[in-house]
Amino acid sequence: MTNSLISLTITEALKGLKDKKFSATELVSAHIKQVEACDHLNAFITKTPELALKQAAESDARIAKGEMRVLEGIPIAMKDLYCTKAVTTTAASQILKNFVPTYESTVSQKLLDAGTISVGKANLDEFAMGGSNTNSSFGPVENPWKSSTHPDKKLVSGGSSGGSAAAVAAGMVMASTGTDTGGSTRQPGSFCGIVGVKPTYGRCSRWGIIAFASSLDQAGIFARNVEDSALLLQTISGFDPKDSTSAQMEVPDFTGLLKQDIKGLRVGIPKEYRVDGMPAEITAVWDKGIQLLKEAGATIIDISLPHTKYAVPTYYIIAPSEASSNLARYDGVRYGLRVDGKDLQETYDLTRAAGFGKEVKRRIMIGTYCLSSGYYDAYYTKAQKVRRLIANDFRSAFETCDVILTPTAPSSAFAIGENDDDPIKMYLGDVFTIPASLAGLPGISVPGGLDNQGLPLGLQIIGKAWDEVTMFKTAYALEQAVGFKDVSPLMKRGAA
Amino acid sequence: MAALIQGKTGDWEIVIGLEVHAQIIAHSKLFSGSSCEFGGAPNNHVSLVDAAMPGMLPVLNEYCVEQAVRTGLGLNSQINLHSVFERKNYFYPDLPQGYQISQFLHPIVGKGVIEIDLPNGETKQIGVTRLHMEQDAGKSIHDQHPTKSYVDLNRSGCALMEIVSEPDLRGADEACAYVTKLRMILRYLGTCDGNLEEGSMRADVNVSVRKLGAPYGTRCEIKNVNSIKAIQMAIDYEATRQVEIIEAGGTIKQETRLWDNVKGETRSMRSKEEAHDYRYFPDPDLLPLVITQEYVDAIKATLPELPDQKKHRFMSTFGLSAYDSSVLIAERARADYYEAVAKGHDAKLAANWVINELLGALNKDSKSLDETPVTAEQLGGLIALISDNTISGKIAKDVFAEMMATGKDAAAIVEEKGLKQVTDSGAIEKIVDEVIAENPDNVAAYRGGKDKLFGFFVGQVMKKSAGKANPDMVNDLLKQKLG
Chain A
1387 MTNSLISLTI TEALKGLKDK KFSATELVSA HIKQVEACDH LNAFITKTPE
1437 LALKQAAESD ARIAKGEMRV LEGIPIAMKD LYCTKAVTTT AASQILKNFV
1487 PTYESTVSQK LLDAGTISVG KANLDEFAMG GSNTNSSFGP VENPWKSSTH
1537 PDKKLVSGGS SGGSAAAVAA GMVMASTGTD TGGSTRQPGS FCGIVGVKPT
1587 YGRCSRWGII AFASSLDQAG IFARNVEDSA LLLQTISGFD PKDSTSAQME
1637 VPDFTGLLKQ DIKGLRVGIP KEYRVDGMPA EITAVWDKGI QLLKEAGATI
1687 IDISLPHTKY AVPTYYIIAP SEASSNLARY DGVRYGLRVD GKDLQETYDL
1737 TRAAGFGKEV KRRIMIGTYC LSSGYYDAYY TKAQKVRRLI ANDFRSAFET
1787 CDVILTPTAP SSAFAIGEND DDPIKMYLGD VFTIPASLAG LPGISVPGGL
1837 DNQGLPLGLQ IIGKAWDEVT MFKTAYALEQ AVGFKDVSPL MKRGAA
Chain B
4 MAALIQGKTG DWEIVIGLEV HAQIIAHSKL FSGSSCEFGG APNNHVSLVD
54 AAMPGMLPVL NEYCVEQAVR TGLGLNSQIN LHSVFERKNY FYPDLPQGYQ
104 ISQFLHPIVG KGVIEIDLPN GETKQIGVTR LHMEQDAGKS IHDQHPTKSY
154 VDLNRSGCAL MEIVSEPDLR GADEACAYVT KLRMILRYLG TCDGNLEEGS
204 MRADVNVSVR KLGAPYGTRC EIKNVNSIKA IQMAIDYEAT RQVEIIEAGG
254 TIKQETRLWD NVKGETRSMR SKEEAHDYRY FPDPDLLPLV ITQEYVDAIK
304 ATLPELPDQK KHRFMSTFGL SAYDSSVLIA ERARADYYEA VAKGHDAKLA
354 ANWVINELLG ALNKDSKSLD ETPVTAEQLG GLIALISDNT ISGKIAKDVF
404 AEMMATGKDA AAIVEEKGLK QVTDSGAIEK IVDEVIAENP DNVAAYRGGK
454 DKLFGFFVGQ VMKKSAGKAN PDMVNDLLKQ KLG
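Chains A and B, in that order, are what the protein sequence lines are. For the first sequence, the residue numbers in my numbering are 1387 to 1882. For the second sequence, the residue numbers in my numbering are 4 to 486.
See below:
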């Protein structure tokens, strides 16, 4: 469509670099230019163009010597939840606004080692708590897409990894990292018309990723196509002795196995995901996806995941409970914001009151309540039992199917500020992504089409635990069949 | 044995349960690679994990697990193959994570029992409720600045074992005997150095009182008891305080109290109502700890002989008294030393020499056993000389004093100083004859019925022989000659 460097796929870019059609410096510069052009989206909390250009020069030196690494010179964005050595890491919170880690997270280190070049730290909902990226203390991220019916409205990018998704969708970077606790890569992927993937819990190391809910948090990837996302996920996967919950499992060749035929593949369609009040266009996109996979040779199986309706309430007990404890370390004593009070207790109170935003406080309160003596069994213990039932639902379903196809989210991107006063409505935006998170399963969102406002809608493919290969294979087949060629207007303009 | 308090309304029984925190001997902390050595400049043994930096994760130190299992086996306890680390949540500046990783509902070690030795020589079985692993906190220092407190995180994250007893202890003597025995077992196992003063072992004491046969009373938990003596004093004070309150018509409030070593009293720290709600829940950063029976068995196979086993063996194999055996097994090094002395020699004699002479002399010089100038082999050599009549017991004491002073072998000293016992009957007879000839009055008196004078003649003979004459032969010859 265009020759601009920002619209290349990663595979194309790597080939171009190898063939010396352009340099890493040129590639990175083109993206940095787009970062500046899209500044109003507020996709980044910290931009690191000088660092990126320095790395690009190093990449060019390597390419010249024939020492090109697997993702040499590829410009990416790093969600500002990953601790990056000597680069400010905020979690989008005032409590960490000046925090500069002395260490590099395992995932970001792997990406550095593979040759990627980060142009900055991407905006997110504070401590990854949210589905709109309007909970960032550095301001909301604006979606690069516009509604055709209300072009004046600024739309949310989705969350919590909204900056990462917007950066990829606007052509500011070729891929980015996200994290996914209840849908934080899949849902923004859907809202921004790109691919968002979360692997099996334990596939990637959580070391150096600022914790939200430890039993659910997992690294994720955004890219503009399935193959690129597989390439990056390949790079960041693998056991890490520094994370006891990362698994000692072989990492299969995701990219090599991507383009296999899906003939005979059994695709499960859960009846419980046909929720009341779901917009007809989402049902239509889902039905079209089912039809396309069928035409590609898959067998469609009706399945039931009976405990689906309990997933959101279960998640909103477990995740805040863990968060209330995980965020206790931000006390103003050793690092981060401190507001001095007359005594220790007041220092704690003032520091945390000033440092945390509204949604973070809400979740700390919910979590503290759920873990309290006298309420623990009714909330936390009960939630853990339901979580097991939800995992069992999937286990039973996977006896009759290989992957599950659902919509990614019950809506397309909404206007910034629209659901801000209704946390329950906001929480329900994760209704299709949360069940797989609770079960620790891999999931990917692939663009399925546009709604009648011209906004992207994603389809989610959920795989069996540790079977990202089948998930990717299905996603690739779906992507080919859908033939989604639309890009955000900003990307189009930048590439022109 | 149970110490009763005589109140105005009758006798009261003291009921005690102990929670002992024992720092595990290991090179690194429970969930990080930093050193847990005592001392060191403040905040020198602190990793990113210990300081709870964002995104840091705990990784369990396998050696600490081994040490906990070893301890559990040493306490004759049930080892749980499945245990769970939980978070105990509370805010304090010396607790960087805002929670302590501990074990709560599913500890690694369950019920067990240890035998304590009471001052009157009796023994008593005390139940162990559980043992679990947990992180230690750092140290807050409040007295170095008028308005600020300092925090030292060196200790933050070091591995502790919390060992909880059943409320089986009745009185301060039993509580002290329990702590003493527990410390001995831990030291034998090499799992804790048991140093109460340095804080590598700390005890919280739960005290209640009741009339004999009545149900348990309301208990108070006493913290900050840092020595065996403090345990003794704190229990006596607290039990008396409780009896006085009840007899005055009051009731005991369940609370945590602090022992003040200077004032010699306990005072209220916080009531049950003020107690923290710790919001325990399984730590999602750590998988449940699963070990196999084979793993436990392999550790069991490496256990040393424990104090009670050793004590009973010393009694049955060496014919020692319960008291002597208890003294000898009090430290593993002492027991080893004794066994080396006794090897090939008279075991009872060896016990007497180790307990009365060696330990006495070391104690007088304020030395510990590992500083002894006399090796076990050397002491064994001395005992051999006594047993084969080369020297008498009395001369042996002089030889021993010389050994302590110079570190020389007993045989060399005896040789050098010509202390060899005279067993030549002719030579002894000559001295006996001389003594009889020099003391005609006493001879007459003795023969006239003053039997007590026999000792005088023995003394004279020994004096003339410079102590070297064989006492048995002297006796025989004197009896014979004095008629």
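We put the CB at the ideal spot given by N, CA and C, even for glycine.
Less than 8 Å between the C-beta atoms of residue i and residue j, yes or no?
i: B/Met187; j: B/Met164; result: no
i: B/Ile394; j: B/Ala353; result: no
i: A/Ser1534; j: A/Gly1840; result: yes
i: B/Arg173; j: B/Glu224; result: no
i: A/Val1527; j: A/Pro1461; result: no
i: A/Cys1787; j: A/Val1653; result: yes
i: A/Leu1845; j: A/Phe1780; result: no
i: A/Lys1554; j: A/Ala1616; result: Residue identity differs from the one stated: residue 1554 of chain A is Val in this sequence, not Lys. It is not a contact, given that the beta carbons lie outside the stated cut-off.
i: B/Met293; j: B/Ile231; result: Note that residue 293 of chain B is Val in the sequence shown, not Met. Not in contact: B/Val293 and B/Ile231 (Cβ atoms no closer than 8 Å).
i: B/Val330; j: B/Ile358; result: yes
i: A/Thr1567; j: A/Lys1465; result: no
i: A/Gly1675; j: A/Leu1836; result: no
i: A/Phe1430; j: A/Lys1483; result: no
i: A/Thr1733; j: A/Gly1718; result: yes
i: A/Val1661; j: A/Tyr1813; result: no
i: A/Gly1829; j: A/Ile1847; result: yes
i: A/Ser1491; j: A/Trp1593; result: yes
i: B/Ser86; j: B/Ile111; result: yes
i: A/Pro1530; j: A/Leu1843; result: no
So residue i and residue j are in contact, right, with Cβ under 8 Å, and what is the actual spacing, rounded?
i: B/Asp97; j: B/Val154; result: 5 Å
i: B/Leu488; j: B/Lys351; result: Because chain B is modelled from 4 through 486, residue 488 of chain B falls outside the range shown and cannot be assessed.
i: B/Ile166; j: B/Gly220; result: The Cβ separation is near 24 Å, so there is no contact.
i: B/Val62; j: B/Phe34; result: 6 Å
i: B/Ala233; j: B/Trp262; result: 6 Å
i: A/Ala1399; j: A/Ser1504; result: Not really, about 15 Å apart at Cβ, beyond 8 Å.
i: A/Ser1710; j: A/Thr1754; result: 5 Å
How would you call residue i, buried or exposed, if buried means at least 16 neighbouring beta carbons within 10 angstroms?
i: A/Glu1865; result: buried
i: B/Met407; result: buried
i: A/Ile1820; result: buried
i: B/Gln245; result: buried
i: B/Gly429; result: exposed
i: B/Asn473; result: buried
i: A/His1693; result: buried
If you reduce the DSSP assignment to three classes, tell me which class residue i lands in.
i: B/Met59; result: coil
i: A/Cys1424; result: coil
i: B/Met4; result: Legend: pLDDT at B/Met4 = 46, less than 50; position of this residue unreliable, value from coordinates given subsequently. If DSSP states are grouped into helix, strand and coil, B/Met4 belongs with coil.
i: A/Thr1475; result: coil
i: A/Lys1584; result: strand
i: A/Gly1803; result: coil
i: B/Ser328; result: helix
i: B/Ile231; result: helix
i: B/Trp356; result: helix
i: A/Thr1388; result: Since pLDDT at A/Thr1388 reaches only 42, below the 50 mark, its modelled position is unreliable, and no value is offered.
i: A/Ser1570; result: coil
Query raised in the report: Hey, is the region 1465-1472 of chain A in contact with the region 1403-1416 of chain A, meaning 3+ C-beta pairs nearer than 8 Å?
Result: no
Query - Sufficient close CB pairs (3 or more, under 8 Å) joining the region 1575-1590 of chain A to the region 1441-1449 of chain A - result: no
Query raised in the report: Using 8 Å as the threshold, is the region 202-218 of chain B in touch with the region 15-26 of chain B, meaning 3 or more CB pairs across them?
Result: Yes, the region 202-218 of chain B touches the region 15-26 of chain B.
Requested in this report: Could you tell me whether the region 1492-1502 of chain A touches the region 1617-1630 of chain A, using the rule of 3 or more Cβ pairs below 8 Å?
Outcome: yes
Requested in this report: Flag this pair as touching only if the region 1795-1806 of chain A and the region 1536-1544 of chain A have three or more C-beta atom pairs under 8 Å; answer yes or no.
Outcome: yes
Query raised in the report: Does the region 1624-1635 of chain A touch the region 1733-1749 of chain A, meaning 3 or more C-beta pairs lie closer than 8 Å?
Result: no
Query raised in the report: At a cut of 8 Å, does the region 131-149 of chain B reach the region 93-113 of chain B through at least three beta carbon pairs?
Result: yes
Query raised in the report: Using 8 Å as the threshold, is the region 280-300 of chain B in touch with the region 44-56 of chain B, meaning 3 or more CB pairs across them?
Result: The answer is no - the region 44-56 of chain B does not touch the region 280-300 of chain B, with fewer than three Cβ pairs under 8 Å.
Query raised in the report: If you pair each beta-carbon of the region 1678-1692 of chain A with each one of the region 1642-1656 of chain A, do three or more pairs fall below 8 Å?
Result: At 8 Å Cβ cutoff, the stretches touch.
Report task. Would you check if the region 78-85 of chain B and the region 193-207 of chain B touch, i.e. whether three or more CB-CB distances between them fall below 8 Å? Result -> no
**Report entry** the region 329-344 of chain B touching the region 370-380 of chain B, judged by at least three CB pairs closer than 8 Å
**Finding:** yes
Query raised in the report: Any chance the region 1722-1734 of chain A sits against the region 1805-1822 of chain A, with 3 or more Cβ pairs inside 8 Å?
Result: no
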